[in-house]
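Notes to accompany the following structure.
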Amino acid sequence: MGYPSLQACVADLERTRQLVRIDAEIDPRLEAAEIQRRVYLAKGPALLFTRVKGCRFPMASNLFGTLERTQFLFRDMLTAVRHLVELKIDPTAFWRSPWRYRDVPRALWHMRPKYVRSGPVMEATCRLSELPQLVSWPRDGGPFVTLPQVYSEDAERPGWRHSNLGMYRVQLAGNQYAVDGQVGLHYQIHRGIGVHHSRAIAKGVPFRVNIFVGGPPAMTMAAVMPLPEGLPELTFAGALGGRRVRLSQPGSPSALPLAVDADFVIQGTVDPNQQLPEGPFGDHLGYYSLQHPFPVLNVERVWHRKDAIWPFTVVGRPPQEDTSFGEFIHELTGPVIPTVIPGVKEVHAVDAAGVHPLLLAIGSERYVPYAPRRRPQELLTIANAILGQGQLSLAKYLIIAAHEDDPGLHLHDIAGFFKHVLERIDWTHDLHFQTRTTIDTLDYSGSGFNEGSKVVWAAVGPVRRTLPTLLPSDLRLPDGFSEPRVCIPGVLAIRSPKFAPTREEPEPAVRRFADFYRPSDSINAFPLIVLVDDSDFTARTLNNFLWAAFTRSNPAADLHGIGAFTHQKHWGCEGSLVLDARIKPHHAPPLVEDSEVSKRVDALAAPGGPLHGISI
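The sequence shown begins at 3 in this note's numbering and counts up one residue at a time.
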């Protein structure tokens with residue numbers, strides 16, 4: 003059976019030497035977050051901070067810090083959940099091998115929540131200001147809940163069967179929020195809570211929200227799981243956790259249920275006519291998401307267990323702990339994707355590029371197999387279907403290749419996939435843009451808030467070029483451009499003048515660069531050229547290239563080319579594709595640690611310090 007509580011999980015991790023207690027006083031402002039980031043990058047243990055400055059509740063982090071530890075947490079039910087996924091793909095498999103699926107009935111029983119009169123979370127109450135005030139980055143607008151489970155129900159069909167449990171950002175204090183009375187709710191477009199909010203407004207009823215924190219780890223995982231619409235996350239939490247989720251509904255019948263095994267519950271109502279500034283917040287793209295108006299939860303009560311533990315994580319430039327979430331989710335749900343979108347073999351949201359900016363995909367290309375020259379056709383149908391699927395629709399760059407050209411191609415080999423695509427792609431034909439559309443709320447590379455563009459790169463057919471790994475001996479650069487560096491085969495990063503648009507020419511430096519060359523010049527041996535502020539940094543690692551290139555560019559504005567043309571509204575180029583990945587004035591600032599806090603953590607980790615020897 004899975005863990006009934008976070009306390010049981012922490013005790014088990016400590017017993018198996020996968021968790022370390024930190025008994026020194028740790029400041030929840032910046033210090034705890036920096037410790038967490040360092041321990042995660044070192045693949046270190048889970049942490050329990052027993053003395054939190056200014057707070058009586060202990061804090062736990064890095065519980066999901068490695069894929070192996072995440073698998074350990076759910077070891078009792080992981081096989082059963084995988085079997086449920088298999089039956090989702092092929093229900094007839096049960097009758098072919100019923101013994102294999104003997105664990106499925108028990109998992110199905112656990113999927114139904116159980117109502118009880120009371121539970122541990124109803125033992126005590128406190129004020130918002132008594133909760134741990136976690137601040138992760140220096141310019142954050144206040145303390146945030148970083149592992150919330152935000153629960154809402156459909157006003158038209160109330161009850162858990164039409165509920166949503168999502169991990170939406172929660173700001174505990176700061177800005178214009180009433181002290182101990184309000185918290186900010188930041189949810190992005192395409193989220194289930196948004197549908198519930200709009201239906202409450204249409205029905206003219208209060209929009210109630212409960213925020214659960216802690217509890218069995220299956221609840222946290224369920225809140226981040228991209229489940230199909232209509233499948234409540236509470237059911238998945240029951241299956242993964244190996245026990246029914248316990249709910250209680252105190253007070254009026256219209257009140258939302260409490261998850262009684264949670265460590266904390268923040269209970270309140272969202273005023274449909276009220277928005278307040280939320281943020282800034284250091285987010286998973288590696289930059290701050292800036293301050294914007296978002297809904298406000300008017301808090302009625304904060305419940306907590308007497309032995310409550312406050313779990314937290316830290317997001318920032320990948321990899322961070324949410325990388326482990328993504329790996330675990332892909333392990334469980336990856337096999338389902340081909341059943342949802344016909345022709346898809348594999349889809350991968352690239353963590354190093356901030357997840358949403360870059361999607362890689364492999365699909366079938368079976369249209370017109372007798373054609374003398376193969377072109378992307380079925381791949382474009384598949385690409386449009388991918389960009390119409392939930393969170394996948396937030397992608398800016400979708401790069402897709404044909405399975406038939408290399409059946410051994412896999413997306414976990416990102417460098418190998420780029421090599422495959424760049425060897426084959428035809429920039430005169432294989433670029434397909436969507437302009438003035440929606441992008442990730444957290445992405446500031448676009449033309450406005452939630453606004454930007456998308457592009458599909460589709461590669462089909464035999465190898466058309468050999469990718470260079472060395473600079474050509476006759477390479478010439480325009481004035482102001484310098485320090486060319488090879489990132490990966492076929493990709494060249496070049497240090498470029500700082501972004502400085504003029505009224506007459508929005509991209510004078512890029513235009514000057516592209517016009518400097520002819521399609522026959524040797525630089526065009528590199529199919530992709532990335533113009534950056536720091537080419538040494540960009541080329542140093544594959545992850546640096548992915549992060550700089552795809553988080554700092556808006557396809558319609560920042561893709562240029564040597565020998566560019568437009569024909570019947572189709573844009574392409576005869577030579578290299580030129581991607582402008584320089585930092586621009588409208589971009590959000592990148593995340594940088596506070597130097598004084600870094601020095602304090604260095605001292606804590608030095609020999610004789612309380613963190614010495616803890617993989618830091």
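Glycine included, each C-beta is placed from N, C-alpha and C at the ideal position.
Here the structure is a predicted model, which means the values were calculated and not measured.
Sixteen is the threshold: when 16 or more other Cβ atoms of the shown chains lie within 10 Å of the Cβ of PHE146, as they do, the residue is buried. Under the three-state reduction of DSSP, ALA157 is assigned to coil, being neither helix nor strand. Annotation: SER555 to ARG584 spans about 8 Å, alpha carbon to alpha carbon. Using a C-beta cut-off of 8 Å, the segment 294-310 makes no contact with the segment 231-246, since fewer than three inter-stretch Cβ pairs fall below that distance. When the Cα atoms are used, LEU469 and PRO529 turn out to be separated by approximately 8 Å. Its Cα nearest to that of ILE531, the residue CYS489 stands out among PRO592, HIS572 and CYS489. Nearest neighbour of GLY67 by Cα position, chosen from GLN38, ASP523, ARG438 and PHE76, turns out to be GLN38. The residue among GLY356, ASP536 and ALA404 with its C-alpha nearest the C-alpha of ASN545 is GLY356. Look at ALA62 here: in three-state DSSP terms it is strand. Taking 7 Å as the cut-off, the beta carbon of THR430 is found closer than this to the beta carbon of GLY574. Per DSSP, VAL226 lies in no beta strand (DSSP E) segment; the continuous alpha helix (DSSP H) that holds it begins and ends at 219-226.
DSSP links ARG497 through a beta bridge to SER484 and VAL534. Between the C-alpha atoms of ALA363 and VAL342 there is a straight-line separation of about 14 Å. Annotation for GLY565: PRO521, CYS575, GLU576 and GLY577 place their beta carbon closer than 6 Å to its own, counting only its chain and skipping 5 residues before and after. Going by DSSP, TYR399 is part of the beta strand (DSSP E) stretching over 399-404. If you look at PHE96, you'll find it in the alpha helix (DSSP H) that goes 95-98.
Secondary-structure assignment with DSSP links ARG375 through no beta bridge to anything.
One thing to note: GLY144 has its Cβ no nearer than 7 Å to the Cβ of ALA180. In the displayed model, THR443 falls within coil according to three-state DSSP, outside both helix and strand. A distance below 7 Å separates the beta carbons of PRO279 and ASN177. For SER254, the three-state secondary structure derived from DSSP is coil. Secondary structure note for HIS569: its beta strand (DSSP E) is the uninterrupted segment 566-569. Short of 6 Å from the beta carbon of ARG31, and not among the five residues preceding or following it, lie these beta carbons of its own chain, in chain order: VAL137. Put simply, of PRO274, ARG375 and VAL226 the residue whose alpha carbon is nearest the alpha carbon of THR325 is VAL226. Within the same chain, and ignoring the five residues on either side of LEU15 in sequence, the residues whose Cβ sits closer than 6 Å to its Cβ are LEU21 and ALA48. Burial of GLY217 is indicated by the presence of at least 16 other C-beta atoms within 10 angstroms of its C-beta. Within its own chain, the residues whose Cβ lies closer than 8 Å to the Cβ of VAL118, once the five positions on either side in sequence are excluded, are ARG248, LEU249, SER250 and VAL262, listed in chain order. THR72 carries a helical assignment under DSSP once its states are collapsed to helix, strand and coil. In the DSSP assignment, ASP582 is bridged to LEU533. Pairwise C-beta distances place the segment 73-87 in contact with the segment 101-115, as three or more of them are shorter than 8 Å.
Under the three-state reduction of DSSP, PHE451 is assigned to coil, being neither helix nor strand. Annotated three-state conformation of THR127 is strand, per DSSP. Taking all protein chains shown into account, GLY161 has fewer than 16 neighbouring C-beta atoms within 10 Å of its C-beta and is therefore exposed. When the five nearest sequence neighbours on each side are left out, the beta carbons in the same chain lying within less than 6 Å of the beta carbon of ALA202 are those of ALA157 and PHE209, in order along the chain.
Rounded to whole angstroms, the gap between the alpha carbons of SER447 and LEU187 is 23 Å.
If you look at HIS562, you'll find it in the beta strand (DSSP E) that goes 561-563.
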